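Engineer: Next up is a structure, given as structure tokens.
Residue numbers (this note's numbering): 497 to 781.
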């Protein structure tokens, strides 16, 4: 009975794989790699599949390094789930008869830190039980990467807050795009860049603006739309505040397009806040 059940599961799995597109299998590859699921990754390729990485050495000369797929799968066992994070974008699939390629750009993070970026090209052959990987080619570089942009965004926000602390109006407002929107903690504070500058000018002129210190921050990037969005918790004169917004990327230049500042209020303190501002709790339903 148990043997028949296993056979049935394998048959169902074969039918499932047969109906999947090459792009879907690429997704499975990276999900399996992130989970360090060697069985899931191994079954996606034909026997004898190859992986090749190319790039430039210190002299600017092309170099290529190839290994077999089975060795790659075996090498995964030394990692922990989450160590290997390959974030892909601009995925393009091309199918011709029984052959297919799936190409994409990627940024690779190792244990949460940016490592390198490049282009992946997966090659597929369609067998009787569906598509299988025959080889994977990738290029590698460390410059002009989205992961690099994410690191730049971290610096941009840190320097932006520091500019306010030292009342450097030029540096502070240069970090904002011309069409930036700043939304403050007061409901009336929804300003474009000029309005925000007019509000802040007296504070900067006195040489004493505001000093917000980062407690924590999360950054996320979207390669398709060339933007980074974020949320952060700040130590401010108002107590813990949350800032959130998004940053545009244009020709490698980062600008803050929107910033929303809000006070954080513990749920068990809401009634006190409502009383302080003279608001009434709205009844549910």
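The C-beta atom is built at its ideal place from N, Cα and C for all residues, glycine as well. Keep in mind that this is a model prediction, so the values were computed, not measured.
(1) Going by beta carbon distance, what residues of the same chain come within less than 6 Å of residue 599, once the five residues before and after it are set aside?
(2) Apply the 10 Å Cβ neighbour rule to residue 552 and answer buried if 16 or more other Cβ atoms are within range, or exposed otherwise.
(3) Looking only at its chain, what residues have a beta carbon closer than 8 Å to the beta carbon of residue 681, apart from the 5 residues adjacent to it on each side?
(4) Bridge partners for residue 741 per DSSP, in chain order?
(5) Are three or more beta carbon pairs between the region 543-559 and the region 649-660 nearer than 8 Å?
(6) So the candidates are 590, 712 and 773; which of them puts its Cα closest to the Cα of residue 517?
(7) Please classify residue 563: is it buried, with 16 or more other beta-carbons within 10 angstroms of its beta-carbon, or exposed?
(8) Per DSSP, which one or two residues make a beta bridge with residue 584?
(9) To which residues of the same chain is residue 829 closer than 7 Å at the C-beta, ignoring the five residues directly before and after it?
(10) Whose C-alpha, out of 697, 592, 574 and 629, is nearest the C-alpha of residue 620?
(11) Indicate the three-state DSSP secondary structure (helix, strand or coil) for residue 536 in the structure shown.
(12) Locate the alpha helix (DSSP H) running through residue 688, then write down its first and last residues.
(13) Compute the Euclidean distance between the alpha carbons of residue 444 and residue 690, then round it to the nearest angstrom.
(14) Determine the DSSP secondary structure at residue 645, reduced to helix, strand or coil.
(15) Using beta-carbon positions only, say whether residue 649 and residue 730 come within less than 8 Å of one another.
(16) Using 8 Å for Cβ pairs, my map puts residue 532 next to residue 575. What's the rounded Cβ distance?
(17) Starting from the C-beta of residue 506, find all residues in its chain whose C-beta is less than 8 Å away, skip the five residues before and the five after it, and write them out in chain order.
(18) Out of 677, 739, 601 and 667, which has the shortest C-alpha to C-alpha gap to residue 709?
(19) Cα separation between residue 785 and residue 611?
(20) From this set, 646, 699, 609 and 727, which residue's C-alpha is nearest residue 711's C-alpha?
(21) How would you label residue 646, buried or exposed, when you count the other beta carbons within 10 angstroms and need 16 or more for buried?
(22) For residue 678, which residues from the same chain have a beta carbon less than 7 Å from its beta carbon, with the 5 sequence-adjacent residues on both sides left out?
(23) Do you know how far the Cα of residue 671 is from the Cα of residue 725?
(24) Distance, Cα to Cα, residue 666 vs residue 749?
(25) Within 10 Å of its beta-carbon, does residue 571 have 16 or more other beta-carbons around it, so buried, or fewer, so exposed?
(26) Residue 544: buried (16+ other C-beta within 10 angstroms of its C-beta) or exposed?
(27) Using CA atoms only, rank isn't needed, just tell me which of 555, 676, 741 and 546 is closest to residue 561.
(28) Grab the span of the alpha helix (DSSP H) containing residue 771 for me, first residue to last.
(29) Checking 8 Å against the spacing of the C-beta atoms, do residue 782 and residue 526 come in under that value?
Structural biologist: Working from what's here:
(1) 588 and 617
(2) Exposed, because fewer than 16 other Cβ atoms sit within 10 Å of the Cβ of residue 552.
(3) Answer for residue 681: 734, 737, 757, 758 and 759, listed in chain order.
(4) 726 and 755
(5) no
(6) Considering only alpha carbons, the answer is 590.
(7) It is exposed - the Cβ of residue 563 has fewer than 16 other Cβ atoms within 10 Å.
(8) 602
(9) Any answer about residue 829 is impossible in this case: the structure gives the chain only from 497 up to 781.
(10) 629
(11) helix
(12) Not the alpha helix (DSSP H): residue 688 falls in the beta strand (DSSP E), residues 686-688.
(13) An answer regarding residue 444 cannot be provided, because it is not within the stretch 497 to 781 covered by the chain.
(14) Looking at residue 645 - three-state DSSP - the assignment turns out to be helix.
(15) no
(16) 5 Å
(17) Only weak support is given to the placement of residue 506: the predicted model assigns it a pLDDT of 48, under 50, and the question is left unresolved by the model.
(18) Ranking 677, 739, 601 and 667 by Cα distance to residue 709 puts 739 first.
(19) Given that the chain is displayed from residue 497 to residue 781, the structure contains no residue 785 and the question cannot be resolved.
(20) Nearest to residue 711 by C-alpha distance, out of 646, 699, 609 and 727, is 727.
(21) buried
(22) 687, 692 and 755
(23) Using only the alpha carbons, I get a separation of about 15 Å.
(24) Rounded to whole angstroms, residue 666 and residue 749 show a C-alpha spacing of 17 Å.
(25) exposed
(26) Under this definition residue 544 is an exposed residue.
(27) Closest option to residue 561, Cα to Cα, is 546.
(28) 766-773
(29) Any property of residue 782 remains undetermined from this structure, which presents the chain solely from 497 to 781.
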